[in-house]
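Take a look at the structure set out below.
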Amino acid sequence: MSMQLIWQIFSSFFKIGAFTIGGGYAMLPVMQRDIVDRLGWLDEQEFMETIAVTQSAPGPIAVNTAILIGKQMAGLPGVIAGCLGAVLPSFLIILAIAIFFRNILNWQPALNFFAGVRPAVVALIAHVAWKMARKLIGNTASLLLFLTSLALIIFVPKLHPIFIILGSGIATVIWASSQKQQGKEA
Amino acid sequence: MWTLFITFFKIGLFTFGGGYAMIPLMQEEIIAHNWLTLAEFLNIVAIAEMTPGPIAVNSATFIGYQLYGVGGAALATFGVVAPSLIIMVIFSHLLAKLRASKYSVALRGVAITVTALIAAAVLGLIKPAFTNYADVAIALTAFVLVAKTKISPILIILGSGLLGIVLYGYIL
Chain D
1 MSMQLIWQIF SSFFKIGAFT IGGGYAMLPV MQRDIVDRLG WLDEQEFMET IAVTQSAPGP
61 IAVNTAILIG KQMAGLPGVI AGCLGAVLPS FLIILAIAIF FRNILNWQPA LNFFAGVRPA
121 VVALIAHVAW KMARKLIGNT ASLLLFLTSL ALIIFVPKLH PIFIILGSGI ATVIWASSQK
181 QQGKEA
Chain R
1001 MWTLFITFFK IGLFTFGGGY AMIPLMQEEI IAHNWLTLAE FLNIVAIAEM TPGPIAVNSA
1061 TFIGYQLYGV GGAALATFGV VAPSLIIMVI FSHLLAKLRA SKYSVALRGV AITVTALIAA
1121 AVLGLIKPAF TNYADVAIAL TAFVLVAKTK ISPILIILGS GLLGIVLYGY IL
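Chains D and R are the protein sequences, given in the same order. Sequential numbering of the first sequence, starting at 1, is according to our numbering. Sequential numbering of the second sequence, starting at 1001, is according to our numbering.
The following block contains the structure:
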């Protein structure tokens, strides 16, 4: 395994970590552009599978994702490179704030910067959702699954996403096997 | 220092779904240990929100530094990601097994549900993020740029931040 790959894993997740502003899904736009479009490590289907796994496990999603992709690309060295890359930007920035700049919340330009970033990040995440939906929703059954999932998430907020993800997987297996059955009978 | 590591290990281990899901447990642990007052803690959450990176990592770094300096920051940060290191390596095996099994079709449905989760998150973010017409304009511009041009999301984030400084600092 090449040093170049390890370096790519580290630098990609460093970039992703440095521009995940606003937590959680804010990492998706940069990750999609870098890992899916530029490096081609995952396709859209695998990208969403990865997010399913990382958000069904404990811990920060960005860190989990860096570890999972690092592992799949380069084993244990990849795990360490991905994890360090994802964590280091926040670590360094927070350390700098803690040491030199505790008043950042009273510094208006920083607040204004964030006020500008916030709506843009929402738009960027919306674009990821749009791209994934166009790629992955191919027939009536998948559209139905998408809408059912969306309705459950919005209208039953007490239901943890893990159960919706699991239910969706099980429903898909049952649906696929019934399709096969029908194919045999016909 | 051992308590610091164990506490953040626990926070990393018991919070599913990342980000905001971690705040209540973090708050409970940190206040119980008298490491910060509630006001200080909320300050850190606010800082973590507007700086890059996972909120849990940001808080671990800040509190670790507060208590034991740079070494404490590193230890608390390691503590909060250590569970992920162990669990994700196991999950990676499970995912590979599932992908190779006859149930792999389940993942097609799972991917669609995750897309729905992301869409739902966007719907939930619209109200808090859009406070005036400038926000809507920034969002629309960002969407058009990322959809229609090759400009990277990083540049769009930086650009919108600079726009925020100019707009809210000097114009609005």
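For each residue, glycine too, the CB sits at the ideal point set by N, CA and C. The structure presented is a predicted model; accordingly, all values stated were derived computationally and were not measured.
So that I know if they touch, is there some Cβ in chain D lying closer than 8 Å to that of residue i?
i       : result
R/G1169 : yes
R/I1006 : no
R/V1105 : yes
R/N1100 : Just to set this straight, residue 1100 of chain R is Ala in the shown sequence, not Asn. Chain D, which has no Cβ nearer than 8 Å to the Cβ of R/A1100, makes this no.
R/E1029 : no
R/A1076 : no
R/F1130 : yes
R/N1034 : no
R/F1041 : no
R/Y1133 : no
R/F1016 : yes
R/F1009 : no
R/I1023 : no
R/Y1068 : no
R/G1079 : no
R/T1149 : no
R/G1071 : no
Mind checking which residues open and close the alpha helix (DSSP H) that includes residue i?
i       : result
D/T140  : T140 to F155
D/A57   : D/A57 -> no alpha helix (DSSP H), and no H or E assigned at all.
R/F1014 : W1002 to F1014
D/L136  : Q108 to L136
R/I1151 : Careful: R/I1151 lies outside any alpha helix (DSSP H) and carries neither H nor E.
R/R1099 : I1055 to A1100
D/F19   : Neither: D/F19 is in no alpha helix (DSSP H) and is coded neither H nor E.
R/M1026 : I1023 to A1032
R/N1043 : L1038 to M1050
R/T1115 : A1106 to A1129
D/M31   : L28 to M31
Are there 16 or more other CB atoms within 10 angstroms of the CB of residue i, so buried, or fewer, so exposed?
i       : result
R/Y1170 : exposed
D/A96   : exposed
D/M132  : buried
R/T1096 : The identity of residue 1096 of chain R in the sequence shown is Ala, whereas the question assumes Thr. Flag for R/A1096 reads exposed.
D/Q55   : buried
D/G40   : exposed
D/Q181  : exposed
R/I1157 : buried
D/W146  : What sits at residue 146 of chain D in the sequence shown is Phe, not Trp. Flag for D/F146 reads buried.
D/Q32   : buried
D/N64   : buried
D/N139  : exposed
D/P161  : buried
Would residue i pass as a contact of residue j if the rule is Cβ separation under 8 Å?
i       : j       : result
R/I1045 : R/I1031 : It should be pointed out that residue 1045 of chain R corresponds to Val in this sequence rather than to Ile. Cβ distance not < 8 Å, so R/V1045 and R/I1031 don't count as in contact.
D/F19   : D/V36   : no
R/A1139 : D/V128  : no
R/P1153 : R/V1146 : yes
D/A207  : D/I9    : Since the first and last residues shown for chain D are 1 and 186, residue 207 of chain D lies out of range.
R/G1072 : R/L1004 : yes
D/E46   : D/L136  : no
R/S1092 : D/K15   : no
D/S90   : R/V1166 : no
R/I1087 : D/P58   : yes
R/I1118 : D/L28   : yes
D/S149  : R/T1113 : yes
R/V1105 : D/V173  : yes
D/A86   : D/A110  : no
R/M1026 : D/F114  : no
Taking CB distances under 8 Å as the criterion, tell me whether residue i reaches chain R.
i      : result
D/N103 : no
D/I153 : yes
D/K158 : no
D/G78  : no
D/F19  : yes
D/V187 : Lying before the first or after the last residue shown, residue 187 of chain D is absent from chain D, which here runs from 1 to 186.
D/N112 : yes
D/L5   : no
D/S12  : no
D/A2   : One point to set straight first is that residue 2 of chain D is Ser, not Ala, in the sequence displayed. No, D/S2 lies away from the interface with chain R (no Cβ there is under 8 Å from its Cβ).
D/F163 : no
D/T140 : no
Sorry if obvious, but does the Cβ on residue i come closer than 7 Å to a heavy atom of the ligand ADP?
i     : result
D/Q72 : Absence of the ligand ADP from the depicted structure is noted, as is the absence of any ligand whatsoever, leaving it without description.
Say whether the stretch 1118–1125 of chain R touches the stretch 1148–1164 of chain R, bearing in mind that this needs 3 or more beta-carbon pairs closer than 8 Å, one atom from each stretch.
-> No: the two stretches stay apart, fewer than three of their Cβ pairs being nearer than 8 Å.
Counting pairs of beta carbons, one from the stretch 1105–1112 of chain R and one from the stretch 166–174 of chain D, are three or more of them closer than 8 Å?
-> Yes, the stretch 1105–1112 of chain R touches the stretch 166–174 of chain D.
Contact between the stretch 1004–1013 of chain R and the stretch 1070–1083 of chain R: three or more CB pairs below 8 Å?
-> Counting Cβ pairs under 8 Å, three or more are found: they touch.
For the stretch 1033–1041 of chain R and the stretch 90–106 of chain D, state whether three or more C-beta atom pairs, one from each stretch, are separated by less than 8 Å.
-> Verdict: no, contact absent.
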